[in-house]
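Asker: The structure is given below, and queries will be raised subsequently.
2 protein chains.
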Amino acid sequence: MDKNHALDAFAALSQSTRLDVFRLLIKAGDTGMSAGDIGDTLGVRQNTMSANLGVLARSGLIRSMREGRSIRYFADMDGMRGLLAFLMEDCCGGRPELCQPVINELACAC
Amino acid sequence: MDKNHALDAFAALSQSTRLDVFRLLIKAGDTGMSAGDIGDTLGVRQNTMSANLGVLARSGLIRSMREGRSIRYFADMDGMRGLLAFLMEDCCGGRPELCQPVINELACAC
DNA sequence: TCCCTATATCAATACTTCTTGATATATGGA
DNA sequence: TCCATATATCAAGAAGTATTGATATAGGGA
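Residue numbers (this note's numbering), protein chains in the order written: chain A, 2 to 111; chain Y, 2 to 111.
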């Protein structure tokens, strides 16, 4: 995770619809949701949703998998963890080993 | 932490200088840094830095304390933790008790 | 009080981003 | 092949944001 990547990720999360999408996908967990279902759930038009999903995907916070005619999206926990690690780098007086394990656990692989 | 607060925080972190400032303050830990020192370290003009510090402070990611003529800024770990908690709310199939303790530990009170 | 240092605010310009209607691409079924 | 569904792309107008020069406020020292 480099700085530009982190900036893209934070920009992705700083818009209302995209924040809703990410949190929805966090809740959906490994099941994920199709683009259409996400749009229906949040009441967002098709092309707007597509654009916003594209922004989130390019930022590394979500990933997608084609499934027939639909595309299923998932929260990308590796991306999320990488973002946190970047943000917290060198925290705690340059002793990141104190925080890093905590960050690593935040994978929600629960 | 409500949604608008979270949006403000992510918007704050989605700008290059502000991301630098926050990471610098994460490194600085409890010591913090004065506004002037932050500006000097990052090579940013006085009024630009003041505006950016204001954005970060209003978003709840940093806090400040006047110290004579200077103002010392600190990363606000409670704000950071609240943001993560909001983002990860209802993760892991609606069993947040699995993640919340991890998030709570991420206070970098190390 | 007067001045110096440290930080904040203001107004304007430049820049970026969001949304939308229209349209294109991709997949599956008949 | 032809059509229907699902998603993506494009161009343009609207809205929001960053930076800057100038200026204001706040605190400390003489």
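Just so you know, even glycine gets a beta-carbon here, dropped at the ideal spot from N, CA and C. Here the structure is a predicted model, which is why all the values come from computation and not from measurement.
1) So Y/PHE75 contacts chain A; which residues on that side make the cut at Cβ distance below 8 Å?
2) How about Y/SER71: is its C-beta nearer than 8 Å to some C-beta of chain A?
3) Along the chain, where does the beta strand (DSSP E) containing A/MET66 start, and where does it finish?
4) For A/SER51, is the classification buried or exposed, using 16 other Cβ atoms within 10 angstroms of its Cβ as the cut-off for buried?
5) State the Cα-Cα distance for the pair Y/ARG70 and Y/ALA12, rounded to the nearest angstrom.
6) Taking only three categories from DSSP, how would you classify Y/ARG46?
7) Which residue or residues does DSSP assign as beta-bridge partners of Y/PHE75?
8) A/LEU43 touches chain Y at which residues, Cβ-Cβ below 9 Å?
9) For Y/ALA12, go through chain A and note every residue whose CB falls closer than 7 Å to its CB, in chain order.
10) Beta carbons nearer than 7 Å to chain Y: which residues of the region 46 to 69 of chain A have them?
Answerer: Well, looking at it:
1) Simply none; closest approach about 13 Å.
2) At least 8 Å separates the CB of Y/SER71 from every CB of chain A.
3) First-last of the beta strand (DSSP E) with A/MET66: 63 to 68.
4) By the 10 Å Cβ count, A/SER51 comes out exposed.
5) Approximately 29 Å between the Cα atoms of the pair.
6) In this structure, Y/ARG46 counts as coil in the three-state DSSP scheme.
7) For Y/PHE75, which the question treats as bridged, DSSP gives the partners Y/ARG64.
8) Neighbourhood of A/LEU43 in chain Y, by CB distance below 9 Å: empty, with the nearest CB roughly 13 Å away.
9) Within chain A, the residues SER15 have their CB atoms less than 7 Å from the CB of Y/ALA12, given in chain order.
10) Using a CB distance below 7 Å, no part of the region 46 to 69 of chain A faces chain Y.
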